[in-house]
Amino acid sequence: PRTFPVMPLHPVRTHLENSVHYQISGDDEEWSRLIPGDGTVYLPSLSSAQEYSVSIYHQLRCLDIIRKNIVEVEHRQLQEADFNAVTPSTQHCINYLREMVLCRSDIDLETIVGQPKADVILYQYQCWDWEAVYTAVKGNQDKHRDS
Numbered sequence: 623p624r625t626f627p628v629m630p631l632h633p634v635r636t637h638l639e640n641s642v643h644y645q646i647s648g649d650d651e652e653w654s655r656l657i658p659g660d661g662t663v664y665l666p667s668l669s670s671a672q673e674y675s676v677s678i679y680h681q682l683r684c685l686d687i688i689r690k691n692i693v694e695v696e697h698r699q700l701q702e703a704d705f706n707a708v709t710p711s712t713q714h715c716i717n718y719l720r721e722m723v724l725c726r727s728d729i730d731l732e733t734i735v736g737q738p739k740a741d742v743i744l745y746q747y748q749c750w751d752w753e754a755v756y757t758a759v760k761g762n763q764d765k766h767r768d769s
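When we follow my numbering, the leftmost residue of the sequence shown carries the number 623, and every step to the right adds one.
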């Protein structure tokens with residue numbers, strides 16, 4: 623299969639806005655709660671259950687890897703000047719997220735206000751119900767952990 627079967631998966635309208643949550647130097651636990659378990663699911667194959675990574679959770683893990691790399695860079699710059707700032711995981715994640723943004727080619731229009739310093743205002747956005755995805759993935763993990 624090319625997609626994880628979450629049925630029904632409905633679109634939801636939401637307001638996207640700046641938040642005090644999920645800050646760069648924020649709580650690691652807050653970020654880890656975004657992903658059920660390790661974000662993997664198990665689907666039947668001919669001989670056993672095959673393990674897959676669900677794209678949304680790969681993307682969230684990548685954001686967390688980049689966030690942690692930024693925090694590490696800020697910390698190390700205070701302590702030493704010569705180090706390799708970008709980890710291989712961070713480079714992978716930047717490339718992967720770039721590919722996912724291009725692949726999904728979101729063409730929704732976003733209002734720009736505040737010239738000359740422009741801010742983008744998103745009034746409402748139609749998304750897929752990520753809570754339904756989380757619930758389905760968690761249920762799949764629980765089922766396969768017990769078997």
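Glycine included, each C-beta is placed from N, C-alpha and C at the ideal position.
| Item | Value |
| --- | --- |
| Considering only their Cβ atoms, is the gap separating residue 719 from residue 681 smaller than 9 Å? | yes |
| In this structure, does DSSP put residue 673 in helix, strand or coil? | strand |
| Suppose you measure from the CA of residue 721 to the CA of residue 767; what does that come to, to the nearest Å? | 32 Å |
| From this set, 761, 755, 760, 765, which residue's C-alpha is nearest residue 630's C-alpha? | 755 |
| In three-state DSSP terms, what is residue 644? | coil |
| Relative to the alpha-carbon of residue 678, which residue among 726, 708, 690 has its alpha-carbon at the smallest distance? | 726 |
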